[in-house]
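Here the structure comes first, spelled out in structure tokens, and everything after it is commentary.
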Amino acid sequence: MNKENIKNWLKVNLFSNWYNSIISLFVLFIILSIIPSFIDWAIIKATYFGKTKADCKAGGACWVFISVWFEKFIYGFYPDKELWRVNLAFAILILTVLSAFFVKPKIKPYILFFLIFIFPMIGFILIHGGFGLENVETRVWGGLSLTFMLTFFGIIFAFPLGVLLALGKRSELPVIKYFCIAFVEFWRGIPLITVLFAAAIMFPLLLPANTNVDKLLRVAIGLGIFESAYVAEVIRGGLQSLPKGQYEAAKSLGMSYWKMNFLIILPQAIKTVIPGLTNTFIALFKDTPLIILVGLLELLGMVNLAKSNSYWLGMAVEGYIFVGIIFWFFSYLLSRYTQSLEKKFSTEKH
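Numbering of the sequence shown is given in my numbering, commencing with residue 33 and proceeding in unit increments.
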């Protein structure tokens with residue numbers, strides 16, 4: 033971006049008129065007043081090394097708190113000797129996703145199939161146990177790894193269900209159409225907190241005696257169903273944006289309903305709503321801290337637990353800054369990748 037572009041951007045976005053200019057200058061004044069003292073506290077006078085709160089210097093941030101609790105922030109109370117299983121599961125996931133950037137296009141559907149159907153089983157066996165591995169109860173799962181697990185499960189659960197709901201809302205069969213409309217509007221009309229509370233507390237009361245469904249599984253399914261309603265609305269918008277000629281052309285070739293949608297309609301619709309889908313998945317990622325309310329400790333829950341420890345009282349600011357950086361970093365990565373996809377598809381159109 034050259035100087036002329038920067039000048040134009042500032043004029044349009046910050047100094048377009050007199051009152052916007054006053055607000056922009058006021059905000060700039062506040063920022064410039066805060067930044068020096070924050071840098072002094074967070075970096076210059078901060079303590080980075082040590083083992084206890086006593087090692088921290090007064091007047092600066094105590095990043096020792098983060099280093100001492102770092103493993104718990106990542107893994108929760110997962111047994112130390114079994115941490116390799118969590119690491120292996122996420123290594124397989126990361127390598128699989130990265131491989132999609134280097135393989136031929138005809139191989140990518142197989143990678144997608146692996147991620148949706150095969151990897152969840154492999155990951156569950158590695159992290160939970162089975163086939164010779166020691167069982168690790170879900171109550172000790174936690175930290176950032178649990179945040180990622182819920183986000184991944186939510187995406188692979190919500191996306192296919194959202195696609196089916198979006199197609200159902202445009203169905204010519206009244207029963208299917210109105211059922212899907214009612215389903216989507218119901219889940220969009222209730223707060224996520226209510227869904228989590230119902231999944232964790234109320235649902236077990238409806239089960240027969242001596243029947244138990246793991247709390248984490250109940251919460252994950254509730255989270256996935258809730259997000260699927262929003263995915264459905266985003267994809268429905270993409271379906272509506274396509275011209276009728278696409279449907280007519282597919283039908284003229286004698287394609288069945290499912291073949292027409294999955295080969296012709298949905299690929300185009302999904303391309304047009306990539307930003308909306310990304311926003312939905314980022315919202316899912318940022319919604320995971322709400323599981324604290326039902327007794328599950330993901331990243332923010334572990335930070336809250338750590339700052340309540342009698343040996344580490346007063347460390348809330350450092351903990352929340354750490355959480356904020358983590359959530360911002362991964363949300364930023366996802367949004368940047370989405371922008372690259374948008375540019376790629378925009379280039380393909382031309």
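Quick reminder that beta carbons are idealized off the backbone N, C-alpha and C, glycines included.
Beta-carbon spacing of residue i, residue j below 8 Å
i	j	result
A232	V326	yes
V245	T312	no
L224	V251	no
A8	L197	This structure does not reach residue 8, given that the chain is present from 33 up to 382, and the question cannot be answered.
I208	G200	yes
T79	D72	no
W344	F105	no
A121	G92	no
L255	A301	no
L60	V195	no
G351	G308	no
I143	T128	yes
V168	P111	yes
L248	L193	no
I306	E374	yes
A338	W95	no
L176	I357	no
Endpoints, the alpha helix (DSSP H) within which residue i is located
i	result
F185	G175 to K201
I76	Segment: none, I76 is in no alpha helix (DSSP H) and carries neither H nor E.
E169	From DSSP, E169 is part of no alpha helix (DSSP H); its letter is neither H nor E.
C212	P206 to R220
N119	L115 to S131
Y396	Any answer about residue 396 is impossible in this case: the structure gives the chain only from 33 up to 382.
W101	V96 to Y107
T226	L224 to F229
D87	No alpha helix (DSSP H) holds D87; DSSP gives it neither H nor E.
F145	K140 to F145
M153	F151 to H160
P68	W50 to I71
Y110	Taken as a continuous stretch (DSSP letters only), Y110 belongs to no alpha helix (DSSP H), as it is neither H nor E.
N311	I306 to D319
Beta-carbon separation (whole angstroms), residue i vs residue j, contact threshold 8 Å
i	j	result
L366	T310	6 Å
L332	V349	Their Cβ separation, rounded to whole angstroms, is 14 Å, which puts L332 and V349 out of contact at 8 Å.
F109	G161	Not quite, the Cβ-Cβ distance comes to about 15 Å (not below 8 Å), so this is no contact.
T370	T179	Actually they do not touch by this definition, with Cβ atoms about 20 Å apart.
F146	L125	Between L125 and F146 the Cβ distance is about 10 Å, and since that is not below 8 Å, they are no contact.
K89	K77	6 Å
I324	N336	7 Å
L64	S56	That belief does not hold up - the Cβ atoms of L64 and S56 are roughly 12 Å apart, past 8 Å.
Near the ligand GTP: residue i beta-carbon under 7 Å from a heavy atom
i	result
F359	As far as ligands go, the structure on display features none, and thus does not contain the ligand GTP.
Would you call the region 316-330 and the region 171-191 touching, i.e. three or more CB-CB distances under 8 Å?
yes
Looking at C-beta atoms only, is the number of pairs between the region 279-287 and the region 210-220 that lie closer than 8 Å three or more?
no
If you pair each beta-carbon of the region 122-142 with each one of the region 188-195, do three or more pairs fall below 8 Å?
no
Give a yes or no on contact between the region 291-301 and the region 350-366, applying the rule of three or more CB pairs nearer than 8 Å.
Judged by Cβ distances under 8 Å, the region 291-301 makes no contact with the region 350-366, as fewer than three pairs qualify.
Taking only runs that begin and end inside the region 325-353, name each unbroken alpha helix (DSSP H) of 4 or more residues, in chain order.
331-339
Answer yes if the region 146-165 comes into contact with the region 113-121, meaning at least three C-beta pairs across the two stretches below 8 Å, and no otherwise.
Flag = yes, the region 113-121 and the region 146-165 touch.
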